[in-house]
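Using my numbering, count along the sequence shown one by one with no gaps and you end on 129. First the structure, in the form of structure tokens, and then the observations on it.
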Amino acid sequence: MMRYLIFLLPLLSCYNVKKDCNAFKLGTFEFSTIINGEIKTSRFIRSKSLEVEFYENKVDSASVKWVSNCEFILTKINPKSNQDKRPVKIEILSTEGKEYFFEYSLVNNPKKRFRGKATKVN
């Protein structure tokens with residue numbers, strides 16, 4: 008058993024996660040999630056400094072501040088509640104084709120993180 012582990016260890020250490028974050032800084036994207044057993048999809052358009060989201064016939068906008076090549080912070084422009092006033096930190100973990108996998112959390116609560124996948128549609 009130990010021989011197999013010694014053989015596999017060098018192979019596993021060569022695996023690199025693909026991360027082409029530049030391809031996902033601008034464009035139109037879709038994100039789907041399950042809420043109360045139902046799949047909900049939002050579409051958002053991201054420019055250099057602005058993200059506009061379309062969800063269930065509502066439009067919301069947020070400023071975008073890139074803090075590194077693969078991390079950015081979204082801050083709602085017209086927050087309607089105290090919850091909306093909290094900025095969200097998003098980190099792109101990996102990319103594959105037209106999709107990127109990400110992790111997000113409130114800036115002031117980094118211990119409570121969620122993951123998702125967004126697809127570039129344009």
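Glycine is no exception: its CB is placed at the ideal position from the N, C-alpha and C atoms.
By the three-class DSSP mapping on this structure, what secondary structure does residue 91 have? Three-state result, residue 91: helix.
For residue 131, the nearest candidate out of 113, 90, 92 (CA to CA): Given a span of 8 to 129 for the chain in the structure shown, any question on residue 131 remains unanswerable.
Would you tell me roughly how many angstroms separate the C-alpha atoms of residue 87 and residue 44, rounded to the nearest one? Answer to the nearest angstrom: the Cα atoms are 26 Å apart.
Residue 124 bridges to which residues according to DSSP? In the DSSP assignment, residue 124 forms a beta bridge with 108.
Enumerate in chain order the residues of its own chain whose CB-to-CB distance from residue 26 is below 8 Å, with the five nearest sequence positions on each side excluded. Sequence-distant partners of residue 26 (beyond 5 residues in either direction) whose C-beta falls short of 8 Å from its own C-beta, in its chain, are 77, 99, 100, 101, 102.
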